[in-house]
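Following: one structure in structure tokens, then a few remarks.
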Ligand SMILES: Nc1ncnc2c1ncn2[C@@H]1O[C@H](COP(=O)(O)OP(=O)(O)OP(=O)(O)O)[C@@H](O)[C@H]1O
Ligand SMILES: [Mg+2]
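In the working numbering, the protein residues as written are 142 to 569.
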């Protein structure tokens with residue numbers, strides 16, 4: 142063995158009984174000193190180690206670490222001029238056994254370096270096992286969370302569907318009830334106003350006859366007084382106008398009742414050939430109180446083929462879209478309704494001049510119960526219901542952000558096939 146400077150003798154004594162393997166090597170990688178633990182670490186026979194070390198065999202040939210080939214820790218420690226430590230270093234002993242080590246390399250000066258090796262194979266195995274168990278547990282937890290959220294989503298859909306059914310059927314019942322209650326009284330007014338006009342005309346001609354006849358003077362005087370008291374001249378001018386406005390009012394109410402009747406057709410009803418433009422007109426009629434003079438409605442309605450659908454449901458979609466548009470447009474705003482035939486269906490769009498839907502909310506507005514309206518003003522179900530209805534017909538509904546129009550508003554487009562798919566369509 143080459144000679145080692147005597148100043149290192151103390152160090153040698155310390156290392157002799159250490160559990161960790163320790164070697165002192167020179168710049169040529171020759172082993173100048175090795176402690177007994179090192180000999181065991183090499184996995185070679187003691188004599189073989191003595192021979193190899195004595196003949197100046199480089200350390201990496203005596204005990205080969207995985208890092209020796211790529212980046213010699215000794216060289217790096219000498220370059221850095223300070224001790225370096227490396228964890229998880231793999232080594233193969235002379236007898237082929239694999240080890241995991243913590244390696245330290247400490248420059249001692251005069252071209253010498255002290256290297257120590259600590260066998261952490263067992264700990265490292267335990268740690269790997271621990272990490273793999275942790276990972277397995279994390280995966281199991283993630284899988285569980287995924288399943289829970291899937292089930293929650295399914296539950297939510299089922300719940301939405303129930304709410305939808307309930308909301309639609311109670312709305313249908315309510316509207317049907319109102320239509321029925323209004324029907325009779327308005328028919329009295331509408332049906333009798335013409336007779337009333339006729340009776341009036343007869344009475345007035347009778348009065349004319351009396352006026353042109355010889356009457357006793359006192360009767361004529363009393364008649365003149367009465368005519369004055371009841372403002373007969375004005376009555377003659379006004380009665381016809383008055384009855385005309387009663388007729389117009391009755392006509393409008395009758396139309397609304399007709400609209401309510403159309404609207405309240407059973408939702409889970411038959412799929413029938415439906416005139417969507419008539420449906421749109423009816424819905425607009427029903428919305429008159431909301432639109433009236435505040436919101437201007439523009440229509441570009443190209444003739445549409447009859448569409449096989451549940452008319453009452455589709456009308457509810459129009460109702461929801463138009464209500465939203467009217468609420469968004471606000472007083473002085475405008476709504477643009479357009480429809481056009483397509484190769485395999487029809488499209489209906491409702492655009493408004495309101496503030497539009499902020500980009501960050503665009504993904505949420507079809508969620509059930511999502512609303513930006515005040516409590517009591519919106520339930521957040523309008524679009525969710527509409528989407529389900531349209532999807533159940535094999536169609537789709539989308540929000541289109543209108544950016545090139547001024548003011549930019551929101552546009553909702555509904556696409557419907559002329560004939561819904563034969564297989565039942567999942568509405569969710
Ligand atoms: N035309 C629109 N312009 C701007 N925002 C809109 C428009 N239509 C819908 N939204 C936004 O989408 C949300 C959800 O609409 P949805 O119709 O589902 O519920 P709602 O109108 O709030 O309540 P409900 O329809 O049940 O009375 C609204 O609260 C609003 O923020
Ligand atoms: Mg709404």
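Where a beta carbon is used, it is the ideal one built from N, C-alpha and C, also for glycine.
From a predicted model like this one, the values you see are computed outputs, not experimental measurements.
When you compare only the Cα positions, how much space is there between residue i and residue j?
{"i": "residue 319", "j": "residue 413", "result": "24 Å"}
{"i": "residue 386", "j": "residue 357", "result": "39 Å"}
{"i": "residue 172", "j": "residue 270", "result": "36 Å"}
{"i": "residue 407", "j": "residue 379", "result": "Interpretation of residue 407 is limited by its pLDDT of 42, a score under 50 that renders its predicted location unreliable; no figure is taken from the coordinates."}
{"i": "residue 311", "j": "residue 463", "result": "21 Å"}
{"i": "residue 161", "j": "residue 222", "result": "23 Å"}
{"i": "residue 259", "j": "residue 244", "result": "7 Å"}
{"i": "residue 478", "j": "residue 348", "result": "54 Å"}
{"i": "residue 230", "j": "residue 246", "result": "13 Å"}
{"i": "residue 149", "j": "residue 266", "result": "36 Å"}
{"i": "residue 216", "j": "residue 274", "result": "38 Å"}
{"i": "residue 337", "j": "residue 327", "result": "15 Å"}
{"i": "residue 268", "j": "residue 188", "result": "35 Å"}
{"i": "residue 343", "j": "residue 317", "result": "40 Å"}
{"i": "residue 219", "j": "residue 501", "result": "58 Å"}
{"i": "residue 295", "j": "residue 503", "result": "22 Å"}
{"i": "residue 213", "j": "residue 277", "result": "36 Å"}
{"i": "residue 155", "j": "residue 211", "result": "31 Å"}
{"i": "residue 175", "j": "residue 190", "result": "10 Å"}
{"i": "residue 371", "j": "residue 321", "result": "39 Å"}
{"i": "residue 225", "j": "residue 264", "result": "21 Å"}
{"i": "residue 192", "j": "residue 202", "result": "12 Å"}
{"i": "residue 553", "j": "residue 538", "result": "7 Å"}
{"i": "residue 329", "j": "residue 339", "result": "16 Å"}
{"i": "residue 250", "j": "residue 195", "result": "22 Å"}
{"i": "residue 361", "j": "residue 367", "result": "10 Å"}
{"i": "residue 205", "j": "residue 235", "result": "8 Å"}
{"i": "residue 440", "j": "residue 381", "result": "34 Å"}
{"i": "residue 354", "j": "residue 384", "result": "29 Å"}
{"i": "residue 373", "j": "residue 325", "result": "34 Å"}
{"i": "residue 151", "j": "residue 165", "result": "13 Å"}
{"i": "residue 283", "j": "residue 292", "result": "14 Å"}
{"i": "residue 474", "j": "residue 527", "result": "23 Å"}
{"i": "residue 375", "j": "residue 459", "result": "46 Å"}
{"i": "residue 429", "j": "residue 532", "result": "28 Å"}
Would you call the CB atoms of residue i and residue j closer than 8 Å?
{"i": "residue 257", "j": "residue 241", "result": "no"}
{"i": "residue 252", "j": "residue 168", "result": "yes"}
{"i": "residue 438", "j": "residue 323", "result": "no"}
{"i": "residue 304", "j": "residue 522", "result": "yes"}
{"i": "residue 457", "j": "residue 506", "result": "no"}
{"i": "residue 556", "j": "residue 486", "result": "yes"}
{"i": "residue 480", "j": "residue 427", "result": "no"}
{"i": "residue 476", "j": "residue 417", "result": "no"}
{"i": "residue 207", "j": "residue 232", "result": "yes"}
{"i": "residue 170", "j": "residue 199", "result": "yes"}
{"i": "residue 391", "j": "residue 334", "result": "yes"}
{"i": "residue 551", "j": "residue 540", "result": "yes"}
{"i": "residue 524", "j": "residue 461", "result": "yes"}
{"i": "residue 163", "j": "residue 255", "result": "yes"}
{"i": "residue 351", "j": "residue 395", "result": "no"}
{"i": "residue 445", "j": "residue 482", "result": "yes"}
Assuming residue i is part of the beta strand (DSSP E), what are its boundary residues?
{"i": "residue 554", "result": "551–558"}
{"i": "residue 443", "result": "Counting along the chain, residue 443 falls outside any beta strand (DSSP E), and DSSP gives it neither H nor E."}
{"i": "residue 522", "result": "Here residue 522 belongs to no beta strand (DSSP E), and DSSP marks it neither H nor E."}
{"i": "residue 537", "result": "537–542"}
{"i": "residue 422", "result": "Residue 422 -> not in any beta strand (DSSP E); alpha helix (DSSP H) instead, spanning 417–427."}
{"i": "residue 475", "result": "475–482"}
Start and end of the alpha helix (DSSP H) containing residue i?
{"i": "residue 455", "result": "452–470"}
{"i": "residue 119", "result": "With the chain covering only 142 through 569, there is no way to say anything about residue 119."}
{"i": "residue 411", "result": "Premise fails: residue 411 is in no alpha helix (DSSP H) and is neither H nor E."}
{"i": "residue 358", "result": "358–370"}
Could you tell me whether the Cβ of residue i comes closer than 8 Å to any Cβ of chain C?
{"i": "residue 393", "result": "Considering every chain present, this structure includes no chain C. It has just one protein chain."}
*Runs of beta strand (DSSP E) wholly within the region 484–517 (minimum 3 residues, chain order)*: 486–493
*Whole beta strand (DSSP E) runs in the region 166–252 with 3 or more residues, listed along the chain?*
172–175, 225–233, 239–250
*Could you tell me whether the region 552–565 touches the region 443–453, where touching means 3 or more Cβ pairs closer than 8 Å?*
yes
*Within the region 249–312, note down every full beta strand (DSSP E) run reaching 3 residues or more, in order along the chain.*
253–260
*Count the C-beta pairs between the region 422–431 and the region 484–492 that are closer than 8 Å, then say yes if the count reaches three, no if not.*
no
*If you pair each beta-carbon of the region 501–514 with each one of the region 428–448, do three or more pairs fall below 8 Å?*
no
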